[in-house]
Amino acid sequence: MCKSIKAISRVKSGELSFCENYKSFHLIFNNIFLALNKTELKRLKDYIDTLVIDYLEHK
Amino acid sequence: MTISIWRYSHLILAVSSALFIFIATVTGIILALEPISNQIQPFAVDNANDLSLAEALEILHNEYEGVITLEKDENDFVIASIITAEGKNDMFYVNPFTGEKLGELIKKKPIFEFATNLHRSLFLKSTGRFLVGLFSFFLFLIAITGIKLILKRQGGFKRFFAKVVKENFEQYFHIVIGRYTLIPIVIITLTGVFLSLEKFNLLPSDKLVHKNIENTSHAESIGINGFHVFQSYTLNELKSLEFPFSEDEEDYFILNLKDKELYINQYTGRVMSKADISLVSIVSTWSMVLHTGQGTFVWAMVLLLSCIAILFFMYSGFTMTIKRKKESVKIKNKYTKDEAEFILLVGSETGHTQRFAKQFFDALITANHTVYLDQLNKYSTYKIAKHLIVFTATYGEGEAPSNAKNFEGLLKMIRQKQTVKYSVVGFGSLMYPDFCKYAIVVDALLQKQKNFIPNLPLFKINNQSHDAFKTWIQQWNESTSQDLKIQLTKPTVNKKRLKNFEVLNITDCNVDDTFLLQLKSLKKQKFKSGDLLAFYPEEDHIERLYSIGRVEDTILLSIKKHKFGVCSKQLSTQKQHNMIKARIKRNLDFHFPIYAKEVIMIANGTGIAPFLGMMNENTLDIKTHLFWGGRTQQSFQLYSKLIDKAFKKGYLSSFNLAYSREEDEKVYVQDVLMEKEKLICNVLQNKGVIMICGSIAMQNSVLEALNIITESKLQHPLSVFENNEQIKMDCY
Numbered sequence: 001m002c003k004s005i006k007a008i009s010r011v012k013s014g015e016l017s018f019c020e021n022y023k024s025f026h027l028i029f030n031n032i033f034l035a036l037n038k039t040e041l042k043r044l045k046d047y048i049d050t051l052v053i054d055y056l057e058h059k
Numbered sequence: 060m061t062i063s064i065w066r067y068s069h070l071i072l073a074v075s076s077a078l079f080i081f082i083a084t085v086t087g088i089i090l091a092l093e094p095i096s097n098q099i100q101p102f103a104v105d106n107a108n109d110l111s112l113a114e115a116l117e118i119l120h121n122e123y124e125g126v127i128t129l130e131k132d133e134n135d136f137v138i139a140s141i142i143t144a145e146g147k148n149d150m151f152y153v154n155p156f157t158g159e160k161l162g163e164l165i166k167k168k169p170i171f172e173f174a175t176n177l178h179r180s181l182f183l184k185s186t187g188r189f190l191v192g193l194f195s196f197f198l199f200l201i202a203i204t205g206i207k208l209i210l211k212r213q214g215g216f217k218r219f220f221a222k223v224v225k226e227n228f229e230q231y232f233h234i235v236i237g238r239y240t241l242i243p244i245v246i247i248t249l250t251g252v253f254l255s256l257e258k259f260n261l262l263p264s265d266k267l268v269h270k271n272i273e274n275t276s277h278a279e280s281i282g283i284n285g286f287h288v289f290q291s292y293t294l295n296e297l298k299s300l301e302f303p304f305s306e307d308e309e310d311y312f313i314l315n316l317k318d319k320e321l322y323i324n325q326y327t328g329r330v331m332s333k334a335d336i337s338l339v340s341i342v343s344t345w346s347m348v349l350h351t352g353q354g355t356f357v358w359a360m361v362l363l364l365s366c367i368a369i370l371f372f373m374y375s376g377f378t379m380t381i382k383r384k385k386e387s388v389k390i391k392n393k394y395t396k397d398e399a400e401f402i403l404l405v406g407s408e409t410g411h412t413q414r415f416a417k418q419f420f421d422a423l424i425t426a427n428h429t430v431y432l433d434q435l436n437k438y439s440t441y442k443i444a445k446h447l448i449v450f451t452a453t454y455g456e457g458e459a460p461s462n463a464k465n466f467e468g469l470l471k472m473i474r475q476k477q478t479v480k481y482s483v484v485g486f487g488s489l490m491y492p493d494f495c496k497y498a499i500v501v502d503a504l505l506q507k508q509k510n511f512i513p514n515l516p517l518f519k520i521n522n523q524s525h526d527a528f529k530t531w532i533q534q535w536n537e538s539t540s541q542d543l544k545i546q547l548t549k550p551t552v553n554k555k556r557l558k559n560f561e562v563l564n565i566t567d568c569n570v571d572d573t574f575l576l577q578l579k580s581l582k583k584q585k586f587k588s589g590d591l592l593a594f595y596p597e598e599d600h601i602e603r604l605y606s607i608g609r610v611e612d613t614i615l616l617s618i619k620k621h622k623f624g625v626c627s628k629q630l631s632t633q634k635q636h637n638m639i640k641a642r643i644k645r646n647l648d649f650h651f652p653i654y655a656k657e658v659i660m661i662a663n664g665t666g667i668a669p670f671l672g673m674m675n676e677n678t679l680d681i682k683t684h685l686f687w688g689g690r691t692q693q694s695f696q697l698y699s700k701l702i703d704k705a706f707k708k709g710y711l712s713s714f715n716l717a718y719s720r721e722e723d724e725k726v727y728v729q730d731v732l733m734e735k736e737k738l739i740c741n742v743l744q745n746k747g748v749i750m751i752c753g754s755i756a757m758q759n760s761v762l763e764a765l766n767i768i769t770e771s772k773l774q775h776p777l778s779v780f781e782n783n784e785q786i787k788m789d790c791y
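Taken in order, these protein sequences are the chains called Z and G.
Residue numbers are given in the working numbering: position 3 of the first sequence equals residue 3, and the series is strictly consecutive.
In the working numbering, each residue's number is its place in the second sequence (first place is 1) plus 59.
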């Protein structure tokens, strides 16, 4: 495994880490793995912020 | 073979689930070793449970770059998941006082993985899980029927832990071990059933419901060391603590405690939301702990022993069943009930009594009589019957055995037209307080009936004694002027277990036809005074037991030659250097009590043998008093040498004699005891032990005398001391 991956944060359901070689963020959520660059990560964050969580959780 | 509903269900359940229970038990034994092996790992930290969460977190924060979770596993070891300075994840056992890594997480060994799967689901997924749950429930029922059977056999709750009558090895230990392991087995099975139900979602949901206490607050942020909530809980209550994912205020600490779950604001430390753990999940956690023994060494050991006990129950239970099947006799009547002059009725629980009845039946048939043999429950009219003979055992607290339950009712309803002579033979054991009680009841019931006249008084037989049965046959022959001969079935003797003994010395018979026989085992064997030497004469192979006195590593027996005694006659004709085959039987209940301060030994006749050995073994300076009852002074000569020797060495403190044929007034050993009541009271009060060996008649009179003394002087019945194990008996 790549030695330059650094965990940024982790919880039970997933973790966010950063690979210094490829300058890419690895977002693991349950069985979903996303490799994103800084812009993409920002965009994903913004998108998630727009979601109406209450609605989705109770649908 | 007759069987009660409890015994029947106990057996049927055992047979039907044997294979599954066997698998579950064997894997259970392996799995019980897992918590034991985990517990001995060096990851436990003393007093860690008293440390507050705030302190532990501070230490970890100082030590590591980031902390992700802090939790406690089932063994109470603290686990930290952290991010190191290099940005690497790591999870390990940690010392919460120093933050130091204690070791890598214990990986489940493949053998335990395999055993867990087999134990849980037999590798059959859901089907397997269902089967295991079902058979766990069966085992629970087996345990319950087992408890019921013990209660019946012992005669009530109070006697649950009373002494068990030993019929054979399997039966004895099936009961003795059963009494101690039934409770753990009930717990194992019930928790097992619960865990299965849980897997099939058959229990109410245990989902946590969070109640919001505070949404967002604008209070000022404080460091986590200052969080009131972390200060107020210790590691003892902690299950797990999950740190917030990001620095966003909406991410919070999730704190799992034993009884609740809290969401805690990562800046203010206030509890935002709280959920109580449901009763179902608390029960489920306890079931898991009780079923697997995780975290507790002692309970895991109990589980391990219980599993081994279950294997033993399977072995002993099936051996007993097979033995009983082999020994059971089928009733094959030649004549119908209305053609027979002799009617034999049997009340039997386990089939032993039926065997005696069958022998009598065969003897009558051989003598060309018309006989009809049946169970007491099938009592009916008998047109030409002249004799009714009842053979019955007693079950529980003087109740009827299962195949005699309806007899009382039938007897009231059915009237015989002609007069019938009756005899009742009761079978039982003197170890139970209700010895032959049901036979007494049957005798009384028949006495009340008009058409029945007694032929012989009620006859009681202790422990299936063949000799007693022969005596009864003799009486019966005399009363009916017949000459019946009973073919007693020769029990088989395992010749391999017999050992060779050399005759070292044999004395001539004295006035009472008593002699001393000194033997030496050719092979080295373990034995002590009070153990028994078993002989099996060729004629009948019936076991004869003699109490051993160990004198200078040889076996000393005191034997009375009986007029019709097969074994004693054979032994009396032995010469020096002859070889005799016999077997030593350990009799742990009748060894010299080296823990006691003072010992009183009471014997009559040949019962002195074990004491002759014990006196000379007493090197611990225990005060020992001997009481012996014999016929005349000459009777005593046989033993005087050994007793003098013990006296000289100072092993014997006092010696009291009672001669029943020496003076005008007959003096028995119990009379001498009554004179020495002070000594007896002192010994009993000082936790001393009284040992009795000799004839049953002497035992009864001695116990009566002791009871009078204890009741009048110590204000307690003798049974109090008996229960204290201060009275040891070996009488015949």
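For each residue, glycine too, the CB sits at the ideal point set by N, CA and C.
Please read these numbers as outputs of a predicted model, since none were measured by experiment.
Spatial neighbours of residue i within its chain, please: C-beta separation below 7 Å, excluding the five flanking residues on both sides.
| i | result |
| --- | --- |
| L697 of chain G | T566, N569, T573, L575 |
| N108 of chain G | T293, L294, N295 |
| A7 of chain Z | E15, S17 |
| A459 of chain G | G406, F466, Y497 |
| C740 of chain G | I768, K772, L773 |
| C366 of chain G | T84, G87, I88, A91 |
| G352 of chain G | A91, P94, W358, A359, L362 |
So which residues of chain Z does residue i contact, with C-beta pairs closer than 8 Å?
| i | result |
| --- | --- |
| F151 of chain G | Here the premise fails: no neighbours, minimum Cβ distance about 15 Å. |
Going along chain G, which residues have a C-beta under 9 Å from residue i?
| i | result |
| --- | --- |
| V52 of chain Z | Correct list: empty, because the minimum Cβ distance to chain G is about 15 Å. |
| K6 of chain Z | I142, E145, G146, K147 |
Just to make sure I have the definition right: I need the residues of chain Z whose C-beta is within less than 7 Å of the C-beta of residue i. Which are they?
| i | result |
| --- | --- |
| S305 of chain G | S9 |
| N271 of chain G | Ordered by position in chain Z, no residue passes the 7 Å Cβ test against N271 of chain G, which lies about 13 Å from the chain. |
Per the DSSP calculation, residue i is bridged to which residue(s)?
| i | result |
| --- | --- |
| Q577 of chain G | G:N564, G:L615 |
| P513 of chain G | G:Y481 |
| R609 of chain G | G:I614 |
| R238 of chain G | Beta-bridge pairing links R238 of chain G to no other residue. |
Considering only residues of the same chain and omitting the five flanking positions on each side of residue i, which have a CB-CB separation below 8 Å?
| i | result |
| --- | --- |
| G162 of chain G | Q100, P101, F102, F151, Y152 |
| V252 of chain G | G192, S195, F196, F199 |
| Q534 of chain G | L515, F518 |
| V610 of chain G | Q577, L671, G672, N675, L701 |
| N30 of chain Z | S13, G14 |
Just reading off the alpha helix (DSSP H) that residue i is part of, what are its end residues?
| i | result |
| --- | --- |
| N766 of chain G | 755-768 |
| V430 of chain G | Unbroken run through V430 of chain G is the beta strand (DSSP E), 430-434; no alpha helix (DSSP H). |
| F518 of chain G | From DSSP, F518 of chain G is part of no alpha helix (DSSP H) but of the beta strand (DSSP E) over 518-521. |
| R414 of chain G | 411-425 |
Helix, strand or coil, according to DSSP, for residue i in the structure here?
| i | result |
| --- | --- |
| G125 of chain G | strand |
| I142 of chain G | strand |
| G406 of chain G | strand |
| A221 of chain G | coil |
| I28 of chain Z | strand |
| H636 of chain G | coil |
| D335 of chain G | strand |
| S524 of chain G | coil |
| V330 of chain G | strand |
| E159 of chain G | coil |
| G468 of chain G | helix |
From what residue to what residue does the beta strand (DSSP E) around residue i run?
| i | result |
| --- | --- |
| C93 of chain Z | Nothing in the structure corresponds to residue 93 of chain Z, since chain Z is present only between 1 and 59. |
| D789 of chain G | 786-790 |
| I201 of chain G | Taken as a continuous stretch (DSSP letters only), I201 of chain G belongs to no beta strand (DSSP E), being part of the alpha helix (DSSP H) at 184-213. |
| S264 of chain G | Careful: S264 of chain G lies outside any beta strand (DSSP E) and carries neither H nor E. |
| D502 of chain G | Where D502 of chain G is concerned, there is no enclosing beta strand (DSSP E), although the alpha helix (DSSP H) it sits in stretches over 496-507. |
| N324 of chain G | 319-324 |
| E93 of chain G | That residue, E93 of chain G, is in no beta strand (DSSP E); its alpha helix (DSSP H) goes 64-98. |
Can you list, in chain order, the residues of its chain whose CB lies under 6 Å from that of residue i, leaving out five sequence neighbours each side?
| i | result |
| --- | --- |
| V268 of chain G | A334 |
| L604 of chain G | L591, A593 |
| F401 of chain G | L423, H428, V430, H446 |
So with CB distances below 7 Å, who are the chain G contacts of residue i?
| i | result |
| --- | --- |
| K12 of chain Z | E301 |
Run down chain Z in chain order and give the residues with a C-beta less than 9 Å from the C-beta of residue i.
| i | result |
| --- | --- |
| I381 of chain G | The contacting residues do not exist; I381 of chain G stays about 56 Å from chain Z at best. |
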